[in-house]
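Only one structure is covered here, and it is reproduced in the block below.
Residue numbers (this note's numbering), protein chains in the order written: chain A, 444 to 770; chain B, 444 to 770.
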């Protein structure tokens, strides 16, 4: 039911995901009457692959996470996470209030042993394919050992999802030299040096979009700022490009000629293809979709949930952390 | 003499600036023989508007700022800053080692009374024109009162350079709501609320490139990361655009049609037009050019120095800070 647009987006997105992924079953959680109505609007009905689970409440986008957790025991978010806890669902996807989702998921699913606090992780496009980056805002201040845990979790996720060699892990800093940066990143760097992760050292902001690194670790303040800064820059560049092509009849003609190329280009930086952030460190798969996600975006978040459930990401992270704890 | 390319860039850039700005005189500081040779290569000679001041040493790009300050008393950087101190020059422009430039400038010129530490400030393009952002890396950890001082300095700079109304000042945070963020940004926000600056509250990363704010304040770690992240993203987008237009003969033809439009577009996001960061909070104008700057970029940094010298930025900041201190 969540997100800025609710079932107007999540229901058609679910139907799209069912069409595109034939090994997926979905449970829509929320007000039963509303969901049935939305299904009807799209000429769809409940089936073995598409069930409805009633939930009588909704967590508002601006609601306090603590209050939502305490007072809304039958919210769509809470019921969906309960389904993961009970094993009836293998993953939960929500476009709702991030803070409430994290608080509820932590309370219901619990955190993996050895992980102090879960982190939010997403993939961003890069010249090499994509880069996983965490934390994106769950933890404003981080200790060195938290950053270290983020590196372990991000590496496990990247390895499971992308396959291949051990992912290259870097800590985000203001310079590549070991003497640069805050005491926290230096200490985290030293911890990673002596781990068996494929730690490549400090990386800088521009490395995120290069082909140098697979997993970038930072605190949630920095991660949130760089994610939103990137969104803002991409939006500005898009606006400029559009403006130049719409300037006059001649440039419009040029735009017509270049249309297929521009479309191919825009598809490559389409943020909808990257929608779906993982709440890592929990004993279950929880994917956070952007609140303003459209149908394609939300369906993408469902695809990510499917991959993480298939790959048993929480278990993989658990055994990675276990190994490191026993060293 | 500084930067990755030294006089190969700075000398032609100086000649370009002299052609483009007829009210400017330049002093080239560095090894006299080398500079004369470079002038000769460009068929230029010394004149009233273009003088040479000999300096026997060079600070290397990777040299420790403390050692450079202690041991290189006749470096081109030090001699150039001395010229500002003595009043023989109204501004210093350098593409050299940022840390050494900041340390030397602080030592020679001193910090304005009431300013704890100078900050690095640059303008970035935005949908509204441009946004000034500081600190970009001089101060990794900042207290609330330092962030407050950055706001005062950034506001004074923006007002002097852009004219018009009181600039809109925002503190970079992970959410616009007052309850979000670290204790430091919250405290800085409270200090700005009760100041007479045009403080608009917390802003997020995407606001930098929008039309919402004129001055964005953050600590040097966050500022450095967001600047480099933006550079990396712009580079990736450019590479994708190029790749799509060079994919096959047909797309190349489309590229030919769209060429003037693409050029106009690229000009708008050309980072060379934004080269030149101000070291604010010093008793003198010091502009840091990107180390890898080319002729156009470095000439742009000279233009920024000219504007800041004309506008007496250090004096304006001094009197702003004075006013706030006496309140």
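Where is the CB? At the ideal position from N, CA and C, for every residue including glycine. Predicted, not measured: the structure shown is a model, and the values here were computed from it.
Alpha carbon to alpha carbon, how far is residue j from residue i? Give it in angstroms, no decimals.
| i | j | result |
| --- | --- | --- |
| residue 606 of chain B | residue 599 of chain B | 10 Å |
| residue 680 of chain B | residue 707 of chain B | 16 Å |
| residue 519 of chain A | residue 559 of chain A | 27 Å |
| residue 595 of chain B | residue 472 of chain B | 32 Å |
| residue 553 of chain A | residue 510 of chain A | 18 Å |
| residue 516 of chain A | residue 540 of chain A | 15 Å |
| residue 693 of chain A | residue 704 of chain B | 9 Å |
| residue 529 of chain B | residue 571 of chain B | 39 Å |
| residue 662 of chain B | residue 765 of chain B | 23 Å |
| residue 647 of chain A | residue 762 of chain A | 30 Å |
| residue 710 of chain A | residue 641 of chain A | 31 Å |
| residue 581 of chain A | residue 688 of chain A | 40 Å |
| residue 690 of chain A | residue 652 of chain A | 30 Å |
| residue 483 of chain B | residue 463 of chain B | 20 Å |
| residue 486 of chain B | residue 698 of chain B | 38 Å |
| residue 637 of chain B | residue 621 of chain A | 40 Å |
| residue 477 of chain B | residue 675 of chain A | 44 Å |
| residue 488 of chain B | residue 479 of chain B | 8 Å |
| residue 771 of chain B | residue 450 of chain A | Nothing about residue 771 of chain B can be read from this structure; chain B reaches only from 444 to 770. |
If you drop the 5 nearest sequence neighbours on each side, which residues of the same chain put their C-beta closer than 6 Å to that of residue i?
| i | result |
| --- | --- |
| residue 742 of chain B | 456, 459 and 460 |
| residue 527 of chain B | 535 and 727 |
| residue 754 of chain B | 603 |
| residue 747 of chain A | 719 and 730 |
| residue 664 of chain A | 583 |
| residue 502 of chain B | 511, 515, 518, 520, 539, 540 and 543 |
| residue 658 of chain A | 575, 597, 598, 601, 610 and 612 |
| residue 684 of chain A | none |
Report back the beta-carbon spacing between residue i and residue j to the nearest angstrom; my notes put them in contact at under 8 Å.
| i | j | result |
| --- | --- | --- |
| residue 454 of chain A | residue 497 of chain A | Contact flag wrong, Cβ pair sits at about 15 Å. |
| residue 569 of chain B | residue 672 of chain A | The pair is not a contact, with the Cβ atoms about 12 Å apart (cut-off 8 Å). |
| residue 738 of chain A | residue 452 of chain A | 6 Å |
| residue 619 of chain A | residue 645 of chain A | 5 Å |
| residue 546 of chain A | residue 508 of chain A | 4 Å |
| residue 512 of chain A | residue 548 of chain A | With a Cβ gap of about 10 Å, residue 512 of chain A and residue 548 of chain A do not count as contacting. |
| residue 734 of chain A | residue 444 of chain A | Their Cβ separation, rounded to whole angstroms, is 12 Å, which puts residue 734 of chain A and residue 444 of chain A out of contact at 8 Å. |
| residue 700 of chain B | residue 752 of chain A | Not confirmed; about 47 Å, so no contact. |
Using a Cβ-Cβ cutoff of less than 7 Å, which residues in the same chain neighbour residue i once the five nearest sequence positions on both sides are dropped?
| i | result |
| --- | --- |
| residue 757 of chain A | 555, 725, 726, 727 and 728 |
| residue 587 of chain A | 627, 630, 631 and 634 |
| residue 593 of chain B | 562, 577, 578 and 660 |
| residue 723 of chain B | 561, 562, 564, 577, 596, 600 and 760 |
| residue 500 of chain B | 515, 517 and 518 |
| residue 768 of chain B | 557 |
| residue 732 of chain A | 446, 536, 537, 538, 718, 719, 740, 741 and 744 |
| residue 506 of chain B | 540 and 543 |
| residue 695 of chain A | 688 and 689 |
Rank the options by C-alpha distance to the C-alpha of residue i and give the top, closest one.
| i | options | result |
| --- | --- | --- |
| residue 654 of chain B | A/660, A/667 and A/682 | A/682 |
| residue 550 of chain B | B/525, B/504 and B/449 | B/525 |
| residue 446 of chain A | A/503, A/538 and A/492 | A/538 |
| residue 566 of chain A | A/675, A/645 and A/670 | A/670 |
| residue 623 of chain B | A/449, A/713, A/732 and A/668 | A/668 |
| residue 613 of chain B | B/585, B/581, B/650 and B/491 | B/650 |
| residue 465 of chain A | A/686, A/762, A/749 and A/766 | A/749 |
| residue 523 of chain A | A/505, A/474, A/483 and A/638 | A/474 |
| residue 448 of chain A | A/736, A/751 and A/752 | A/736 |
| residue 639 of chain B | B/585, B/609, B/617 and B/697 | B/609 |
| residue 616 of chain B | A/666, A/685 and A/488 | A/666 |
| residue 585 of chain A | B/625, B/721 and B/589 | B/625 |
Which residue comes first and which comes last in the alpha helix (DSSP H) that contains residue i?
| i | result |
| --- | --- |
| residue 481 of chain A | 475-484 |
| residue 663 of chain B | 663-688 |
| residue 512 of chain B | 508-514 |
In the DSSP assignment, find the unbroken beta strand (DSSP E) run with residue i in it and report its ends.
| i | result |
| --- | --- |
| residue 721 of chain B | 720-723 |
| residue 731 of chain A | 728-731 |
| residue 585 of chain B | Here residue 585 of chain B belongs to no beta strand (DSSP E), and DSSP marks it neither H nor E. |
| residue 488 of chain B | Here residue 488 of chain B belongs to no beta strand (DSSP E), and DSSP marks it neither H nor E. |
| residue 534 of chain B | 534-537 |
| residue 565 of chain A | 562-569 |
| residue 759 of chain B | Counting along the chain, residue 759 of chain B falls outside any beta strand (DSSP E), though it belongs to the alpha helix (DSSP H) covering 756-768. |
| residue 641 of chain A | 641-646 |
| residue 617 of chain A | Looking at the DSSP string, residue 617 of chain A is not in any beta strand (DSSP E), and its letter there is neither H nor E. |
| residue 577 of chain B | 572-577 |
Output needed for residue i: all residues of its chain with C-beta closer than 8 Å, excluding positions within five of it in sequence on either side, in chain order.
| i | result |
| --- | --- |
| residue 677 of chain A | 712 and 714 |
| residue 469 of chain A | 457, 460, 461, 492, 493, 494 and 745 |
| residue 656 of chain B | 574, 611, 612, 613, 643, 646 and 650 |
| residue 686 of chain A | none |
Cβ closer than 9 Å: which chain D residues qualify as neighbours of residue i?
| i | result |
| --- | --- |
| residue 641 of chain A | In the structure shown, chain D cannot be found, because the protein chains are A and B. |
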